[in-house]
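Presented below is the structure to which this report refers.
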Amino acid sequence: MKIKFLPILTLLIASFALTSCFNASEELWIDSDGTGRYESTNDFSSLYPFMLMGLQQGDTGDSATEEEEDEKDFENDMKRLLLAEKTDTVFDLSGIFAAAAAEKGVTLDQMMAEMEAEMKADDTMPEDQKEAIFGMIKGLMDMKLRMQASQAEQMLKTTSIQRFQNLNELTNFGETMSGLIPLLAGAGGGVPTEALGAMDQLFNSMTQFDLDGRTLRIRRAGIDLQALAGDNAEAQQSIGMLKMFLGNQPYRLVVHLPGKVKKISSDYVTKVDKTTVALEIPMSELFNPDLRVDAEITFKG
Numbered sequence: 004m005k006i007k008f009l010p011i012l013t014l015l016i017a018s019f020a021l022t023s024c025f026n027a028s029e030e031l032w033i034d035s036d037g038t039g040r041y042e043s044t045n046d047f048s049s050l051y052p053f054m055l056m057g058l059q060q061g062d063t064g065d066s067a068t069e070e071e072e073d074e075k076d077f078e079n080d081m082k083r084l085l086l087a088e089k090t091d092t093v094f095d096l097s098g099i100f101a102a103a104a105a106e107k108g109v110t111l112d113q114m115m116a117e118m119e120a121e122m123k124a125d126d127t128m129p130e131d132q133k134e135a136i137f138g139m140i141k142g143l144m145d146m147k148l149r150m151q152a153s154q155a156e157q158m159l160k161t162t163s164i165q166r167f168q169n170l171n172e173l174t175n176f177g178e179t180m181s182g183l184i185p186l187l188a189g190a191g192g193g194v195p196t197e198a199l200g201a202m203d204q205l206f207n208s209m210t211q212f213d214l215d216g217r218t219l220r221i222r223r224a225g226i227d228l229q230a231l232a233g234d235n236a237e238a239q240q241s242i243g244m245l246k247m248f249l250g251n252q253p254y255r256l257v258v259h260l261p262g263k264v265k266k267i268s269s270d271y272v273t274k275v276d277k278t279t280v281a282l283e284i285p286m287s288e289l290f291n292p293d294l295r296v297d298a299e300i301t302f303k304g
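The numbering of the sequence shown is this note's numbering, which starts it at 4 and goes up by one.
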């Protein structure tokens, strides 16, 4: 389990970290009992040619180790996705783990028990990292992922669909994903130190939710691009390219509430209709490290 799943975990963590800062549209539905659904669509179309070029340049022939074979299989899957005439599919992430278990000739529960026993026996892995892994996997089990791609349109979009029993689960899931960053650094995940630092910075600036009765609190911090790049000239150049790709599209989150909106405490939040609000932050402000958005929306029961 340790190495085989790391490329997949790395991709999922990176995708989750980029939520709310890339060309993303987010939507949150809250039901009257506090349960609900969260969807985030990341549009990577502006990077389509560069992603394909990177995958093609990374093709180095035969793989020598099991880890290299897993990474090559992953790269081939990405190539097929990017070169497809048109793809639009939704699948449960739990199915990925179930398929992996079937390949080993065991059930999903048996594979999970085996993973847990293996990690408990591993004295080199701190307990908090073990808890982070299982917390993340359990969170993934309830998620669906929609993949859209088109070679003709050079389009690539991913939409994560996550149901929750409690709104705090969204925040807790992000914190759990963040807890895996040290694991990737120490387990040979093939993730550069600079990239790990960038992911940590992005996680720290993710949107936070808190629901207390009929009051929804939304908090959001700005992203420090200079901290992402540090003193690395190449990283600074990459950050400049990222800003160019992002353009002037604002960060936007639409929230559907279970009752009529009564009061909004922030200029960043506007009322869309009787039960819907939208949080919108200009890109120039989103990349201000001093930005602190703390909005409260109260609604009728």
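Note that beta-carbon positions come from the ideal geometry of N, C-alpha and C, so glycine has one too.
Element boundaries [beta strand (DSSP E), containing residue i]
i	result
Glu156	No beta strand (DSSP E) contains Glu156, which DSSP labels as neither H nor E.
Ile1	For residue 1 there is no data in the structure shown, the boundaries of the chain being 4 and 304.
Glu299	295-302
Glu30	27-33
Arg312	This structure does not reach residue 312, given that the chain is present from 4 up to 304, and the question cannot be answered.
Gln211	211-215
Ile221	218-224
Lys274	272-276
Same chain, Cβ closer than 8 Å to residue i, neighbours up to 5 away in sequence not counted
i	result
Thr278	His259, Leu260, Pro261, Gly262, Lys263, Val264, Phe302
Leu289	Cys24, Gly225, Ile226, Pro253, Tyr254
Enclosing alpha helix (DSSP H) for residue i [first to last residue]
i	result
Lys123	111-123
Tyr51	51-60
Gly39	Per DSSP, Gly39 belongs to no alpha helix (DSSP H); it is in the beta strand (DSSP E), 39-46.
Phe100	96-106
Leu289	286-289
Check whether residue i and residue j have beta carbons under 8 Å apart
i	j	result
Thr92	Met150	yes
Leu282	Val275	no
Ala155	Glu88	yes
Ile164	Met146	yes
Arg223	Asp213	no
Ile267	Val280	yes
Met114	Ala102	no
Lys148	Gly39	Sequence check: residue 148 is Leu here, not Lys. No, Cβ-Cβ distance for Leu148 and Gly39 is not below 8 Å.
Arg217	Gly108	no
Buried versus exposed call for residue i [16 or more other C-beta atoms within 10 Å across all chains shown]
i	result
Glu29	buried
Glu237	exposed
Leu86	exposed
Arg166	exposed
Phe100	buried
Asn45	buried
Gly142	buried
Beta-carbon proximity list for residue i, same chain, < 6 Å, skipping 5 on both sides
i	result
Asn291	Gly225
Phe47	Leu159
Ser269	Ala298
Cα-Cα separation, residue i to residue j
i	j	result
Thr161	Ser43	8 Å
Leu55	Asp36	44 Å
Ala116	Glu106	16 Å
Lys133	Glu119	8 Å
Ser287	Pro52	26 Å
Nonlocal neighbours in the same chain, by C-beta distance under 7 Å from residue i, ignoring five residues either side
i	result
Ser97	Met144
Met81	Leu58
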